Amino acid sequence: MSLGQRIRELRESRGLTQAQLAGREFTKGFISLVERDRAKPSLDSLAVLARRLGTSVDALLAGEGNPADMAAHGLLILARGASDRGDLGEADRYLQMAAFLADRHGLAEVDREIRVLRAEHAVARRDYDAAWTALEDARPAMEQAGDRWRLGRVLSLMGLVQLRRRNFADSRRLLEQALETLRAARAGRDPARVDTLISLGTVLTYLGRLEDARRRYEEAASSYVASRDLRLRGKALWGLGAVLRNLRKYDEARRCLLDARDAFEAAEDLENLMRVTQNLGRAFLEDGHPREALRHLEQALRVADRLHRPTDRASILTELARAWHAVGDLTQAHEVAGRALEAAQQAGDPVEVLEAKVVLSRVLLSTHQVPAAVAALREAVVGFASRDMRQRLRELAQEFGPLLVRHGAHAEAAELMVHALDELAADASRSPSTRP
Numbered sequence: 001m002s003l004g005q006r007i008r009e010l011r012e013s014r015g016l017t018q019a020q021l022a023g024r025e026f027t028k029g030f031i032s033l034v035e036r037d038r039a040k041p042s043l044d045s046l047a048v049l050a051r052r053l054g055t056s057v058d059a060l061l062a063g064e065g066n067p068a069d070m071a072a073h074g075l076l077i078l079a080r081g082a083s084d085r086g087d088l089g090e091a092d093r094y095l096q097m098a099a100f101l102a103d104r105h106g107l108a109e110v111d112r113e114i115r116v117l118r119a120e121h122a123v124a125r126r127d128y129d130a131a132w133t134a135l136e137d138a139r140p141a142m143e144q145a146g147d148r149w150r151l152g153r154v155l156s157l158m159g160l161v162q163l164r165r166r167n168f169a170d171s172r173r174l175l176e177q178a179l180e181t182l183r184a185a186r187a188g189r190d191p192a193r194v195d196t197l198i199s200l201g202t203v204l205t206y207l208g209r210l211e212d213a214r215r216r217y218e219e220a221a222s223s224y225v226a227s228r229d230l231r232l233r234g235k236a237l238w239g240l241g242a243v244l245r246n247l248r249k250y251d252e253a254r255r256c257l258l259d260a261r262d263a264f265e266a267a268e269d270l271e272n273l274m275r276v277t278q279n280l281g282r283a284f285l286e287d288g289h290p291r292e293a294l295r296h297l298e299q300a301l302r303v304a305d306r307l308h309r310p311t312d313r314a315s316i317l318t319e320l321a322r323a324w325h326a327v328g329d330l331t332q333a334h335e336v337a338g339r340a341l342e343a344a345q346q347a348g349d350p351v352e353v354l355e356a357k358v359v360l361s362r363v364l365l366s367t368h369q370v371p372a373a374v375a376a377l378r379e380a381v382v383g384f385a386s387r388d389m390r391q392r393l394r395e396l397a398q399e400f401g402p403l404l405v406r407h408g409a410h411a412e413a414a415e416l417m418v419h420a421l422d423e424l425a426a427d428a429s430r431s432p433s434t435r436p
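Numbering (our numbering), first residue to last: 1 to 436.
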């Protein structure tokens, strides 16, 4: 691989335009000449380009005329392609061959990229323990090499793993570190930065920081990268639609979610299409259209079963139980809520277990089974409080406080309100410097 080809590949992999790589020191035309091997940059110029590309001068020059380096980078390209197609087994085989070359020929940058890609594959397989171990091992290597671009990607993946584990405070901290690191690496147009913004928006939504989440999603959706990547655009619009739904701006929410659905359909991304369809169902349900919600949710459930996604299946069943309750079919609502709780427990997702208990409690109250309803609700309140989900506690207090009083459970209603007031007081006492 020639020097120009190497610079072009690195620039494109980081989502940079020729003008961005040029900055103030060079012209776009000069970068174009370099990438076509019609101009040779000086060592000082190479140092500037290497810094913007998140690599070193040695690494740039090592690729020129080095067969092992050329072969290794070719294998990495094949691995990324296989991963994008969802064939992780084939991708791992390419990485194994690239790792052999990196070890034998001392290709340090290739080795660092392999570490990141292996962690990405573990996350894609939902093997979060393996992903976390790989990321903890990779992080010091990136820091020691001064490889800010890959360090930012590692921190982003660590934040995503903690998000999937429902450790929201740790996830938020890591994702904010990732954004700062990617900014320092001048990776403003890197897909990793947009993915990080989307993950951070999700964390902030769970923590009830809806306006902060909205800003993150809007930044992601309006980015240059999202305009060129249908999958990322769909994810950003989906998140924005979910936040708008939580803010009760249902018309805006549905527009965003429908745009996200169109993007996922065009990208042939069935998994995310399923999830945005679920969000459409929730938007219709919360806006008072439960039968329309049932149609979208049942469609999403069929896809979840087809894809064998247990956590998604549990979440969709919970929403279906809410929809059946809103329709007034309490028998169907109770049956589906029980299935949702069982599915959430089997999936091992603690937040989905809590949400299933909330809807089960609502159905039990409607059928005058007050002690059982109170027990399920109390478990949900304690669980949400332990995860710092203040917004969810306030919502429960607003919904269930009057219902419990209506069913004669005055002490339990008071207990719920105390929980909500405690969380409001804790929220108000936080210093501005700790807010997102």
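Just so it is clear, CB atoms sit at the ideal spot from N, CA and C, and this is done for glycine as well. Since the model is a prediction, treat every value here as computed from it, not as a measurement.
| query | Near A226, what residues of its chain come up, given a Cβ to Cβ distance below 7 Å and the 5 sequence neighbours on each side ignored? | reply | Contacts found: V194, A220, L232, R233, A236.
| Beta carbon of P290 nearer than 7 Å to that of A266 | For P290 and A266, no; Cβs fall outside 7 Å.
| query | Which residue from A347, E109, R125 puts its Cα closest to that of A92? | reply | Per the sequence shown, residue 92 should be read as Asp rather than Ala. It is R125 whose Cα lies nearest to the Cα of D92.
| query | Can you list the alpha helix (DSSP H) stretches of 4 or more residues lying completely in the region 272-331, in chain order? | reply | Within the region 272-331, the complete alpha helix (DSSP H) runs of at least 4 residues are 290-307, 310-327.
| What span of residues does the alpha helix (DSSP H) with S227 cover, start to end? | Where S227 is concerned, the enclosing alpha helix (DSSP H) starts and stops at 224-228.
| query | So which of R275, A385, P310 has the shortest CA-CA distance to H296? | reply | Nearest neighbour of H296 by Cα position, chosen from R275, A385, P310, turns out to be R275.
| What residues in its chain sit with their C-beta under 8 Å from that of P191, if we drop five residues either side in the sequence? | Listed in chain order, the non-local C-beta contacts of P191 below 8 Å within the same chain comprise G15, V225, D229, L232, local neighbours out to five positions each way being set aside.
| task | Assign V353 to buried or exposed, taking buried as 16 or more other Cβ atoms, counted over all protein chains shown, within 10 Å of its Cβ. | result | The residue in question, V353, is buried, as its Cβ has 16 or more Cβ neighbours within 10 Å.
| said: Taking 7 Å as the limit between beta carbons, can you name the residues of its chain near C256, skipping five residues before and five after? | reply: In chain order, L237, L240, G241, L244 place their CB closer than 7 Å to the CB of C256, counting only its own chain and leaving out the 5 sequence neighbours on each side.
| Looking at the structure shown, is R430 part of a helix, part of a strand, or coil, going by DSSP? | Bear in mind that a pLDDT of 48 at R430, under 50, signals an unreliable position, so the model cannot answer this.
| request: Give me the Cα-Cα distance between A102 and L76, rounded to the nearest whole angstrom. | output: Linking A102 to L76 through their CA atoms gives a straight-line distance of about 11 Å.
| Boundaries (first-last residue) of the alpha helix (DSSP H) holding G54 | Taken as a continuous stretch (DSSP letters only), G54 belongs to no alpha helix (DSSP H), as it is neither H nor E.
| request: Below 8 Å on the Cβ atoms is my guess for F168 versus Y206; work out the distance and round it to an integer in Å. | output: With a Cβ gap of about 5 Å, F168 and Y206 count as contacting.
| Test item: CB-CB of T277 and Q299 under 7 Å | Yes. Within cutoff.
| DSSP state of S386, grouped into three classes? | Helix.
| said: Quick check: what's the CA-CA separation for G401 versus E412? | reply: Looking at the backbone, the Cα of G401 and that of E412 are separated by about 8 Å.
| message | Is L258 a contact residue of the ligand GDP, with contact defined as CB to any heavy atom under 6 Å? | response | The ligand content of the structure shown is nil, which means the ligand GDP is not present either.
| Given a threshold of 16 other Cβ atoms within 10 Å of its Cβ, counted over all protein chains shown, does A19 qualify as buried or as exposed? | So A19 ends up on the exposed side.
| request: Kindly indicate the opening and closing residues of the alpha helix (DSSP H) around A178. | output: Start and end: 168-184.
| query | Any chance the region 357-366 sits against the region 335-342, with 3 or more Cβ pairs inside 8 Å? | reply | Because the criterion of three Cβ pairs below 8 Å is met, the region 357-366 and the region 335-342 touch.
| said: Buried or exposed, going by whether 16 or more other CB atoms sit within 10 Å of the CB of A98? | reply: It is buried - the Cβ of A98 has at least 16 other Cβ atoms within 10 Å.
| message | Using a Cβ-Cβ cutoff of less than 8 Å, which residues in the same chain neighbour E379 once the five nearest sequence positions on both sides are dropped? | response | The answer, listed in chain order, is L354, K357.
| Under three-state DSSP, which class holds G208? | Residue state, collapsed to three classes: coil.
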